[in-house]
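*Asks:* The structure that follows is given in the form of structure tokens.
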Amino acid sequence: MGGPLGFSEPRGRLPELSAKVLSQRLRELGERGLVSVERRRGFPVRTSYTLTGAGRALRPLLIELCATGEALLAATDRPETEARTPEP
Numbered sequence: 151m152g153g154p155l156g157f158s159e160p161r162g163r164l165p166e167l168s169a170k171v172l173s174q175r176l177r178e179l180g181e182r183g184l185v186s187v188e189r190r191r192g193f194p195v196r197t198s199y200t201l202t203g204a205g206r207a208l209r210p211l212l213i214e215l216c217a218t219g220e221a222l223l224a225a226t227d228r229p230e231t232e233a234r235t236p237e238p
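Position one of the sequence shown corresponds to residue 151 (my numbering), numbered consecutively onward.
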């Protein structure tokens with residue numbers, strides 16, 4: 151979640167996501183003010199994406215959400231008597 155990224159960087163990190171869906175999500179994040187989009191003239195046109203302050207503010211929440219999801223997935227791999235909801 152550092153500096154500007156071209157389209158290919160998040161595309162490479164999310165191979166299961168189609169280019170069409172990624173493009174749509176990036177556009178929606180831009181419309182919501184979470185990502186700034188910069189298009190540079192030339193051929194081909196270069197587009198870069200950068201998190202805005204609001205986007206960076208969501209980082210702690212996303213990290214916690216990811217950790218909780220991983221804990222819940224791990225809990226489903228254990229017998230029912232051992233599975234518990236992760237502590238907040």
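For each residue, glycine too, the CB sits at the ideal point set by N, CA and C.
Just so it is clear, the structure is predicted and the values come from calculations on it, not from any experiment.
1. On the premise that S198 lies in contact with G162, defined as a C-beta separation below 8 Å, what is that separation, rounded to the nearest angstrom?
2. Using the C-alpha atoms, what's the distance from E159 back to S168?
3. What do you reckon, are the CB atoms on G180 and S186 nearer than 8 Å?
4. Please state the DSSP three-state secondary structure of R182.
5. Taking just the CA atoms, how far does L223 sit from T202?
6. Can you give me the C-alpha to C-alpha distance between G153 and T200, rounded to a whole angstrom?
7. Quick one: Cα of V171 to Cα of G219, how far?
*Replies:* From the atom records:
1. Counted from its first residue, the sequence shown places residue 162 at position 12. Counted from its first residue, the sequence shown places residue 198 at position 48. G162 to S198, Cβ: 15 Å. No contact.
2. Within the sequence shown, residue 168 is the residue found at index 18, counting from 1. Within the sequence shown, residue 159 is the residue found at index 9, counting from 1. Roughly 13 Å separates the two Cα atoms.
3. One-based indexing of the sequence shown puts residue 180 at position 30. One-based indexing of the sequence shown puts residue 186 at position 36. Their beta carbons are under 8 Å apart, which means G180 touches S186 by this criterion.
4. Looking up residue 182 in the sequence shown gives position 32. Correct three-state label for R182: coil.
5. Taking the sequence shown and counting its residues from 1, one reaches residue 202 at position 52. Taking the sequence shown and counting its residues from 1, one reaches residue 223 at position 73. One C-alpha to the other measures close to 31 Å.
6. Looking up residue 153 in the sequence shown gives position 3. Looking up residue 200 in the sequence shown gives position 50. Each residue's Cα considered, the two are about 6 Å apart.
7. Numbered from its first residue, the sequence shown carries residue 171 at position 21. Numbered from its first residue, the sequence shown carries residue 219 at position 69. Cα to Cα, the separation comes out at about 22 Å.
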